[in-house]
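Top to bottom, those sequences are chains A and B. Whatever position you read off the first sequence (first residue = 1), add 430 for the working numbering. Whatever position you read off the second sequence (first residue = 1), add 165 for the working numbering. Working notes for the structure below.
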Amino acid sequence: SQKIEQNSEALNIQEGKTATLTCNYTNYSPAYLQWYRQDPGRGPVFLLLIRENEKEKRKERLKVTFDTTLKQSLFHITASQPADSATYLCALRNQAGTALIFGKGTTLSVSS
Amino acid sequence: GAVVSQHPSRVICKSGTSVKIECRSLDFQATTMFWYRQFPKQSLMLMATSNEGSKATYEQGVEKDKFLINHASLTLSTLTVTSAHPEDSSFYICSAGAGGGTDTQYFGPGTRLTVL
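Pasting the structure below:
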């Protein structure tokens with residue numbers, strides 16, 4: 431069955447550094463992958479979608495890469511700020527194409 | 166962007182009672198809505214897919230008689246947890262697709278259910 435793994439449960443970095451989060455998937459070849467941000471006690475908020483034919487996508491300080499050979503996506507936040515502290519989730523559409531399934535998330539803490 | 170609301174935001178109930186959670190798409194019509202459950206420090210687990218005007222599709226292991234889903238209109242889906250027990254305590258989140266060819270889902274703020 432499909433599996434999504436976000437290798438780090440937690441990542442702590444200093445303000446101003448670049449945060450890099452990893453998402454790996456198995457038993458599946460998704461047409462696209464999405465990244466969401468979730469704050470405690472809140473629903474996820476969509477950040478970026480990257481398609482299989484796109485190697486890289488950027489939005490302000492965010493950058494996502496998608497390597498379909500490695501079955502991996504990397505999510506980067508440059509010039510990180512304490513306000514970036516949150517849990518970041520990667521998501522793929524299930525094989526039936528009917529809904530999103532999520533990784534467990536990586537909780538990022540940016541200290542000043 | 167599209168807005169999805171949920172009501173109530175938190176509810177505490179006694180064991181054995183039923184609880185209804187509403188999910189509304191405020192500025193768009195959602196043919197399909199999704200219900201997720203999230204336990205502490207765990208990811209969102211899809212419970213069911215709710216289609217307007219038809220029966221919901223439940224994921225394996227989710228009891229359809231316990232988690233009743235109704236999607237009576239293009240802007241409203243409800244989840245009723247029947248005969249709730251303490252193990253049903255969780256964070257319930259709904260989402261809706263924006264449609265129009267986009268693959269993005271918009272999530273509600275979630276409902277924290279505590280069953281005593």
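For glycine and all other residues, C-beta sits at the position ideal for the given N, C-alpha and C.
Query: Closest to B/K179 by CA distance: which of B/H250, B/S208 and B/F272 is it?; Result: B/H250
Query: Evaluate B/T279 with the Cβ neighbour count: other Cβ atoms within 10 Å of its Cβ, from every protein chain shown; 16 or more gives buried, anything less gives exposed.; Result: exposed
Query: Just curious, the beta strand (DSSP E) that A/K433 is in, first and last residue?; Result: K433 to E435
Query: What are the residues of the region 179-212 of chain B that lie near chain A, defined by any Cβ-Cβ distance shorter than 7 Å?; Result: F199, Q207, S208, L209 and L211
Query: So for A/G445, helix, strand or coil by DSSP?; Result: Rather than Gly, the amino acid found at residue 445 of chain A in this sequence is Glu. In this structure, A/E445 counts as coil in the three-state DSSP scheme.
Query: How is B/D192 classed by DSSP in three states: helix, strand or coil?; Result: coil
Query: Looking at the strands, I want to know which residues DSSP matches up with A/S541.; Result: A/Q444
Query: Would B/P251 pass as an interface residue toward chain A - the criterion being a Cβ-Cβ separation below 9 Å?; Result: no
Query: Tell me which same chain residues have a C-beta within less than 6 Å of the C-beta of A/N524, skipping the five on either side of it?; Result: I531
Query: According to the Cβ coordinates, are B/T214 and B/F193 closer than 9 Å?; Result: no
Query: Express the C-alpha separation of A/S438 and A/T450 in angstroms, rounding to a whole number.; Result: 10 Å
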